[in-house]
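Chemist:
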Amino acid sequence: MIKAIIFDLGGVLFTNGTKKFIDDISTQYNLDQETVEEIMDGETGSKYRESKITRDEFWKQILEKLQIKVYIKELENQWISGYELIEGTRDLIFELSKKYRVFFLSDNVQERVERINKKYGFINWFSGGVFSHEAGVRKPDPRIYTMTLEKTGVKPEEAVFIDDKAELLEPASQLGMTTFLFESPEKLRSDLAQKGIL
Numbered sequence: 062m063i064k065a066i067i068f069d070l071g072g073v074l075f076t077n078g079t080k081k082f083i084d085d086i087s088t089q090y091n092l093d094q095e096t097v098e099e100i101m102d103g104e105t106g107s108k109y110r111e112s113k114i115t116r117d118e119f120w121k122q123i124l125e126k127l128q129i130k131v132y133i134k135e136l137e138n139q140w141i142s143g144y145e146l147i148e149g150t151r152d153l154i155f156e157l158s159k160k161y162r163v164f165f166l167s168d169n170v171q172e173r174v175e176r177i178n179k180k181y182g183f184i185n186w187f188s189g190g191v192f193s194h195e196a197g198v199r200k201p202d203p204r205i206y207t208m209t210l211e212k213t214g215v216k217p218e219e220a221v222f223i224d225d226k227a228e229l230l231e232p233a234s235q236l237g238m239t240t241f242l243f244e245s246p247e248k249l250r251s252d253l254a255q256k257g258i259l
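So the sequence shown is numbered by this note's numbering: it starts at 62 and just counts up by one.
See below:
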């Protein structure tokens with residue numbers, strides 16, 4: 062019996078601001094998109110999301126590696142403002158909250174969480190959750206899934222995990238959770254209904 066639903070945030074509750082940022086600055090500064098992606102979401106990005114480097118260290122490395130001259134604050138604003146609320150997902154969260162405890166599991170950084178929460182107040186929509194910058198580890202490391210399960214207080218088979226990246230569903234599935242690949246709120250609604258969860 063399902064008791065807890067766990068949502069990823071970027072690309073599920075919010076549009077994928079990192080992808081938008083990578084696309085935008087690749088065009089803006091005439092940079093190779095794969096290079097930008099590797100720096101933003103590769104080892105440097107992981108260290109920032111796991112609080113192994115500070116905000117300033119992260120952006121200094123970005124500027125250095127991409128060889129661009131721009132104010133850190135300007136780049137950071139461009140990145141964070143790319144995250145927009147997907148209203149259909151928010152509505153689903155409200156609906157599911159009436160029947161289940163709803164949590165989040167998100168690879169994130171403090172600055173982005175604070176800014177987006179200030180705008181939308183989304184943290185209050187959940188019973189709790191785990192951010193990678195607080196956990197010191199990010200998906201797909203199995204430890205962050207285990208930490209999230211501990212927070213929910215339910216067994217893996219009593220939990221659902223939703224993410225927009227198939228490879229990030231695998232560790233949850235291996236632990237015994239029911240998983241859904243997010244494509245759109247409508248598709249998720251239909252998938253959950255099909256399984257009798259909604």
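Ideal Cβ placement from N, Cα and C applies to all residues, glycine included.
1) Where do the ends of the alpha helix (DSSP H) carrying T213 lie?
2) Per DSSP, what kind of secondary structure is T105 in: helix, strand or coil?
3) Could you tell me whether the Cβ atoms of V191 and M208 are closer together than 7 Å?
4) If the criterion is Cβ atoms closer than 7 Å, does the pair Y90 and I129 meet it?
5) Does E247 pass the burial test, meaning 16 or more other C-beta atoms within 10 Å, or should it be called exposed?
6) For S245, is the classification buried or exposed, using 16 other Cβ atoms within 10 angstroms of its Cβ as the cut-off for buried?
7) Hey, quick one: how far does the beta strand (DSSP E) through V191 stretch, first residue to last?
8) Would you kindly check if the distance between the Cβ of V163 and the Cβ of F183 is under 7 Å?
9) From S234 to T240, what does the alpha carbon distance come to, in whole angstroms?
10) Assuming K64 and E219 are in contact, meaning their beta carbons sit under 8 Å apart, how far apart are those beta carbons, in whole angstroms?
11) Among residues of its own chain, excluding the 5 on either side of D21, which ones have a beta-carbon nearer than 8 Å to its beta-carbon?
12) On a Cα-Cα basis, can you pick out the residue from V97, I154, E211 and D168 that is closest to L127?
13) Alpha carbons only, please: which of D117, L230 and G197 is nearest the one belonging to F243?
14) Does the Cβ-Cβ distance between I66 and Y161 come in under 7 Å?
15) Measure the beta-carbon distance from I154 to G78 and round it to whole angstroms, keeping in mind my assumption that it falls under 8 Å.
16) Given a threshold of 16 other Cβ atoms within 10 Å of its Cβ, counted over all protein chains shown, does S167 qualify as buried or as exposed?
17) Can you give the Cα-Cα distance for S107 and R199, rounded to whole angstroms?
18) In angstroms, rounded to a whole number, what distance separates the CA positions of E175 and D117?
19) Return the Cβ separation of I147 and T213 in integer angstroms, given the expectation that the two are a contact with Cβ distance under 8 Å.
20) Helix, strand or coil: which one does DSSP assign to S234?
21) What is the rounded straight-line gap between the Cα of N169 and the Cα of Q255?
Modeler: The structure says:
1) Per DSSP, T213 belongs to the alpha helix (DSSP H) from P203 to T213.
2) Residue state, collapsed to three classes: helix.
3) Cβ distance < 7 Å, so V191 and M208 count as in contact.
4) Cβ distance < 7 Å, so Y90 and I129 count as in contact.
5) Exposed, because fewer than 16 other Cβ atoms sit within 10 Å of the Cβ of E247.
6) Exposed, by the Cβ-count rule.
7) Element bounds for V191: G189 to F192.
8) With respect to V163, F183 sits apart: the two C-beta atoms are not nearer than 7 Å.
9) A direct Cα-Cα distance of roughly 6 Å separates S234 from T240.
10) About 4 Å; that satisfies the 8 Å criterion.
11) This structure leaves residue 21 out entirely; the chain is present only between 62 and 259.
12) Of the candidates V97, I154, E211 and D168, the one whose C-alpha sits nearest the C-alpha of L127 is V97.
13) Distances from the alpha-carbon of F243 to those of D117, L230 and G197 put L230 closest.
14) It is a contact, given that the beta carbons lie within the stated cut-off.
15) Between the beta-carbon of I154 and that of G78 there is about 19 Å, and that puts the pair past the 8 Å contact cut.
16) With 16 or more other Cβ atoms within 10 Å, it is buried.
17) Those two C-alpha atoms are separated by around 7 Å.
18) Distance between the alpha carbons of E175 and D117: 16 Å.
19) Separation of the CB atoms of I147 and T213 is rounded to 23 Å, and the pair is thereby denied contact status at 8 Å.
20) If DSSP states are grouped into helix, strand and coil, S234 belongs with the helices.
21) Those two C-alpha atoms are separated by around 31 Å.
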